[in-house]
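*Asks:* Residue numbers (the numbering used here), protein chains in the order written: chain A, -14 to 278; chain B, 5 to 617. In this text, a Cβ means the ideal position worked out from N, Cα and C, and glycines have one as well. Questions regarding the structure given below will be posed in turn.
Structure, rendered in structure tokens:
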């Protein structure tokens, strides 16, 4: 009896460590080997100097970071964040009711609807964007249709402006918002909603006080999955917006490609990573969302 | 009450319909264009099945499809297993350093793709993991894990642990509990994560570009490398087939299961779609490539749609060497890949200034001219150019000139004679120009009377001021396909490579071109041999083969680019040689200039470009 007691906590401890190891370890090891270690290279480069022919000279300097304080770059940063915020908001507003309807539809249709959301995204994004341009251009399908129906008299300018960028971004990022939302809405217990109705809550109250808080996890996940990749997406702004503004992603790309200033490009990336991570960490500290991100 | 439910149901249905229309209308357009006669995805010219036929014979595309589906399927399976386990662990256990683990799992979402691509490539080349399917799968798993974890965690949030405890109390082993209790509950999250991972893998370009090796081209890489010379409707045809196949398999499954599929079955359906696509494409592929055992291999790195397949086939037959053709979409991407230590290419194509940069960085080697007997066929004006004196490193392939093309139905003839006319106020919001800082700043410098490689601060300051004044006239910047906006009527004039103007005038006879009076902007693309090349002998054979007059003429018959091979002219259709956008008058070419490497000044140019835009 005595021995059993003394062994028990140890085995218990060991099994819990074992479980923890089998669940977390594969991901952790994978990320350390294929992500963290390669990233060290970028951090080292960010403190180096650009050589005359665009090579990397490993001479320590802080100038790449100091260079970033230029108002020119801060402007670009703010502009990029704003576009990402608009895109995220648009995806959320359109995606939430959509995910809600799918999550509450009869069980037999759910997988089908889910697959229908993702199917358009299995075609090449460049070809898809070309198709959008065919639709949106001044002499394009939408304008021709509206003119024929006498809804408008003058063709709308839908291409190469902010409208085009927003439509393109929404189209690119939509599934990244809908899928997490669907996942969290799908497990929403209808009985809780019924209980709220029984207790006299109106539809608006029910939504604001019950549905919304219960799906907060999905909303936050979806927003992060849309917001952050939007910062790195340059070809929508390039193709649909006419590449007239330089965003964070263009700036970084230019440093690695055209300007061949890898040290500066690395410094921008390091700063971007740190800023974004603090946003995520801040989110996960907000009460009520613990364990989501 | 009943009426009310009906009404809300109708509203729900309309909402779903509208969103699905938004998602599917572009797809319908894309499908329609797969039957379009024109090679450009811009305007409808007539119905044809041609692209489906040529798709079936395009071994390059079919090979890329096969690679893409294999890589997407394997990386999805791996990332879903690893990611789901991690999400469960993170949700269930408290441990020291949890916050750090959490952070590590999310950084891939935050990191710019190009940074991840370059850092992974550098890592692979240091630890000597060969570039190919394995390196691609590793990279795709790395970025997919974060998405899987994020979605599965959303599902776990509020998960009732007591259900598991009950199962355990009833005697289920932990493994059994996991498979029969936990997994079914979190399955919607797992499926959603898998769908995201698969989609991401299938469409990734930037990271894949860096970690792909010779002969492991994926579909998005193939498509983006077509950009410089035009994405063909074969890609639309392919997308149509993939959608059709998915829909067929899906309806088949629905009929069998009598519209009663559940989450588990969807996994089976998805897997079967992948397998069917993979096996069909590999079947077609092996059918089209019924070659004997592989022989010697030559790894070529080039733009897509820049060298006809027929020429490659002829080379393979003549020398019994297999050509592994990999593609890139810009000079700079190619350089970045070689700089990060990537790829064992035996031969690559680089524009003038890039030859200079590659040689200065020691990334290419000198060629042995004794074996290049066909070099004599190249016109003397294309040899011994400032970027490579004495042709120590490079042999000319094709050349291009920057011309102004305009729609004569919108701009009267004679309005534009040179670069300076692009600043005219009547061209407000009607120009599309190349999205390239060297080209556009260079063009402005030439307009101001300087060399396009000028770097003095005064000249650059003047150029910057001029460029700021040009902004109101610019409708869009586009390096990929500037002709598109001219053909579809968005722009009235474009400044781009002659081939763009030539292709545009084939779609719309109103399109005319102007050779800028200030002097031409020239670019010459050349074959070079990278330092890391393994099969130098085959590379030289290929270089020489391409310069054979008849072979060279065959290339010119397929693509509208200036051919430096003057001995080939007698085999080229006269109509092609008379195209002034492709072969500007000799006098203008003599006045023309090539880009040079300008050292550290390029960072100044980049800053000007950032300020101007």
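Of all the CB atoms in chain A, is at least one closer than 8 Å to the CB of residue 514 (chain B)?
*Replies:* By 1-based counting over the second chain, the position of residue 514 (chain B) is 510. For residue 514 (chain B), the answer is no, since every Cβ of chain A falls outside 8 Å of its Cβ.
*Asks:* By how many angstroms is the C-alpha of residue 222 (chain B) removed from the C-alpha of residue 546 (chain B)?
*Replies:* The residue given as residue 546 (chain B) occupies position 542 in the second chain. The residue given as residue 222 (chain B) occupies position 218 in the second chain. Answer to the nearest angstrom: the Cα atoms are 24 Å apart.
*Asks:* Going by DSSP, what residue range makes up the beta strand (DSSP E) through residue 354 (chain B)?
*Replies:* Taking the second chain and counting its residues from 1, one reaches residue 354 (chain B) at position 350. Taken as a continuous stretch (DSSP letters only), the beta strand (DSSP E) holding residue 354 (chain B) covers 351 to 355.
*Asks:* Can at least three beta-carbon pairs, one atom from the region 434 to 451 of chain B and one from the region 390 to 403 of chain B, be found at a separation below 8 Å?
*Replies:* Contact between the region 434 to 451 of chain B and the region 390 to 403 of chain B is absent, because fewer than three Cβ pairs lie under 8 Å.
*Asks:* Say yes only if the C-beta of residue 580 (chain B) is nearer than 7 Å to one or more non-hydrogen atoms of the ligand MG, and no if none qualify.
*Replies:* In the structure shown, the ligand MG is absent, as is every other ligand, since no ligand is present at all.
*Asks:* When Cβ atoms are compared, which residues of the region 351 to 378 of chain B fall closer than 8 Å to chain A?
*Replies:* Hits within the stretch, in order: 361, 364, 365.
*Asks:* Compute the distance between the beta-carbons of residue 108 (chain A) and residue 246 (chain B), then report whether it is under 8 Å.
*Replies:* Here residue 108 (chain A) refers to the residue found at position 123 when the first chain is read from its first residue. Here residue 246 (chain B) refers to the residue found at position 242 when the second chain is read from its first residue. Closer than 8 Å, so yes.
*Asks:* Quick one: is residue 525 (chain B) near chain A, going by C-beta distance under 8 Å?
*Replies:* Sequence index remark: in the second chain, residue 525 (chain B) carries index 521 (1-based). Not closer than 8 Å to any Cβ of chain A, the Cβ of residue 525 (chain B) fails to qualify, so no.
*Asks:* Could you work out which residues of chain A lie near residue 127 (chain B), taking near to mean beta carbons separated by less than 8 Å?
*Replies:* Translated into positions along the second chain, residue 127 (chain B) becomes position 123. The contacting residues are 19, 22, 23, 26.
*Asks:* Under 8 Å between C-beta atoms, does residue 112 (chain A) make it to chain B?
*Replies:* Position 127 of the first chain, counted from the first residue, corresponds to residue 112 (chain A). Output row for residue 112 (chain A): interface = yes.
*Asks:* For chain B, check one thing: does any of its Cβ atoms lie closer than 8 Å to the Cβ of residue 167 (chain A)?
*Replies:* In the first chain, residue 167 (chain A) corresponds to position 182, counting from 1. Output row for residue 167 (chain A): interface = yes.
*Asks:* Helix, strand or coil: how does DSSP classify residue 35 (chain A) here?
*Replies:* Working through the first chain from its first residue, we reach residue 35 (chain A) at position 50. Residue state, collapsed to three classes: strand.
*Asks:* With distances taken between CB atoms, is the gap from residue 203 (chain A) to residue 479 (chain B) smaller than 8 Å?
*Replies:* Indexing the first chain from 1 puts residue 203 (chain A) at position 218. Indexing the second chain from 1 puts residue 479 (chain B) at position 475. No, Cβ-Cβ distance for residue 203 (chain A) and residue 479 (chain B) is not below 8 Å.
*Asks:* Classify residue 116 (chain B) as buried or exposed, calling it buried when 16 or more other Cβ atoms lie within 10 Å of its own Cβ.
*Replies:* Translated into the one-based positions of the second chain, residue 116 (chain B) becomes position 112. It counts as buried.
*Asks:* With 8 Å as the threshold, decide whether the Cβ of residue 600 (chain B) is near any Cβ in chain A.
*Replies:* Mapped onto the second chain, residue 600 (chain B) falls at position 596. By this cut-off, residue 600 (chain B) is not an interface position.
*Asks:* Which one of A:208, A:105, A:116, A:13 has the shortest CA to CA distance from residue 78 (chain A)?
*Replies:* For this step, residue 78 (chain A) is matched to residue 93 along the first chain. The candidate whose alpha carbon is nearest that of residue 78 (chain A) is A:208.
*Asks:* For residue 615 (chain B) and chain A, any beta-carbon pair shorter than 8 Å?
*Replies:* Working through the second chain from its first residue, we reach residue 615 (chain B) at position 611. Yes, contact with chain A.
*Asks:* Near residue 280 (chain B), what residues of its chain come up, given a Cβ to Cβ distance below 8 Å and the 5 sequence neighbours on each side ignored?
*Replies:* For the purposes of this step, residue 280 (chain B) is identified with residue 276 of the second chain, where counting begins at 1. Within the same chain, residue 280 (chain B) has close Cβ partners 249, 253.
*Asks:* Comparing the C-beta of residue 229 (chain A) with each C-beta of chain B, is any distance below 8 Å?
*Replies:* Sequence index remark: in the first chain, residue 229 (chain A) carries index 244 (1-based). Yes, its Cβ sits closer than 8 Å to a Cβ of chain B.
*Asks:* Using a Cβ-Cβ cut-off of 8 Å, state whether residue 245 (chain A) counts as contacting chain B.
*Replies:* Stepping through the first chain from its first residue, residue 245 (chain A) is reached at position 260. True, the Cβ-Cβ gap to chain B drops below 8 Å.
*Asks:* Does the beta-carbon of residue 144 (chain B) have 16 or more other beta-carbons within 10 angstroms, so that it is buried, or is it exposed?
*Replies:* Taking the first residue of the second chain as position 1, residue 144 (chain B) is located at position 140. Residue 144 (chain B) is buried by the Cβ-count criterion.
*Asks:* Just confirm the distance between the C-beta atoms of residue 197 (chain B) and residue 155 (chain B), as a whole number of angstroms; I'd bet it's less than 8 Å.
*Replies:* Here residue 197 (chain B) corresponds to residue number 193 of the second chain, with the count starting at 1. Here residue 155 (chain B) corresponds to residue number 151 of the second chain, with the count starting at 1. Yes, residue 197 (chain B) and residue 155 (chain B) are in contact; Cβ-Cβ is about 4 Å, under 8 Å.
*Asks:* Nearest CA to the CA of residue 579 (chain B): which residue from B:551, B:562, B:590, B:592?
*Replies:* As a first step, residue 579 (chain B) is located in the second chain; it is residue number 575 there, counting from the start. Out of B:551, B:562, B:590, B:592, B:562 has the C-alpha closest to the C-alpha of residue 579 (chain B).
*Asks:* For residue 589 (chain B) and residue 388 (chain B), what's the separation of their Cα atoms in angstroms?
*Replies:* One-based indexing of the second chain puts residue 589 (chain B) at position 585. One-based indexing of the second chain puts residue 388 (chain B) at position 384. Taking the straight line joining both Cα atoms gives about 21 Å.
*Asks:* Evaluate residue 158 (chain A) with the Cβ neighbour count: other Cβ atoms within 10 Å of its Cβ, from every protein chain shown; 16 or more gives buried, anything less gives exposed.
*Replies:* For this step, residue 158 (chain A) is matched to residue 173 along the first chain. The residue in question, residue 158 (chain A), is buried, as its Cβ has 16 or more Cβ neighbours within 10 Å.
*Asks:* Give the DSSP bridge partners of residue 450 (chain B), in chain order.
*Replies:* In the second chain, the residue the question calls residue 450 (chain B) occupies position 446. Residue 450 (chain B) pairs with nothing; no bridge assigned.
*Asks:* Are any of the Cβ atoms in chain B nearer than 8 Å to that of residue 185 (chain A)?
*Replies:* Counting from 1 along the first chain, the entry for residue 185 (chain A) is found at position 200. No, no contact with chain B.
*Asks:* Can you pull the chain B neighbours of residue 82 (chain A), defined as C-beta to C-beta under 8 Å?
*Replies:* The residue you call residue 82 (chain A) lines up with position 97 of the first chain. Chain B residues near residue 82 (chain A): 19.
*Asks:* Drop a sphere of 10 angstroms on the beta-carbon of residue 621 (chain B), count the other beta-carbons inside from all chains shown, and report buried for 16 or more, exposed for fewer.
*Replies:* Nothing can be reported for residue 621 (chain B): it is not among the residues displayed for chain B, which extend from 5 to 617.
*Asks:* For residue 400 (chain B), name the three-state secondary structure that DSSP assigns.
*Replies:* Position 396 of the second chain holds residue 400 (chain B). Correct three-state label for residue 400 (chain B): strand.
*Asks:* In chain order, what residues of the same chain lie with their CB nearer than 6 Å to the CB of residue 46 (chain A), ignoring the 5 residues before and after it?
*Replies:* Here residue 46 (chain A) corresponds to residue number 61 of the first chain, with the count starting at 1. Closer than 6 Å at the Cβ level, and outside the excluded window around residue 46 (chain A), lie 34.
*Asks:* Where residue 60 (chain B) and residue 225 (chain B) are concerned, what is the direct C-alpha to C-alpha distance, given to the nearest angstrom?
*Replies:* For this step, residue 60 (chain B) is matched to residue 56 along the second chain. For this step, residue 225 (chain B) is matched to residue 221 along the second chain. Distance between the alpha carbons of residue 60 (chain B) and residue 225 (chain B): 19 Å.
*Asks:* Hey, could you find the ends of the beta strand (DSSP E) residue 501 (chain B) is sitting in?
*Replies:* Translated into the one-based positions of the second chain, residue 501 (chain B) becomes position 497. Residues 497 to 501.
*Asks:* Using a Cβ cut-off of 8 Å, pull out every chain B residue sitting near residue 239 (chain A), in sequence order please.
*Replies:* Numbered from its first residue, the first chain carries residue 239 (chain A) at position 254. Within 8 Å Cβ-Cβ: 441, 610, 613, 614.
*Asks:* Identify, in the order they occur along the chain, each residue of the same chain with its Cβ nearer than 7 Å to the Cβ of residue 553 (chain B), setting aside the five sequence neighbours on each side.
*Replies:* Within the second chain, residue 553 (chain B) is the residue found at index 549, counting from 1. 381, 569, 571, 572, 575.
*Asks:* Got a sec? Which residues, its chain only, sit under 6 Å from residue 386 (chain B) by beta carbon, not counting five neighbours each side?
*Replies:* Translated into positions along the second chain, residue 386 (chain B) becomes position 382. Excluding sequence neighbours, residue 386 (chain B) sits near 400, 568.
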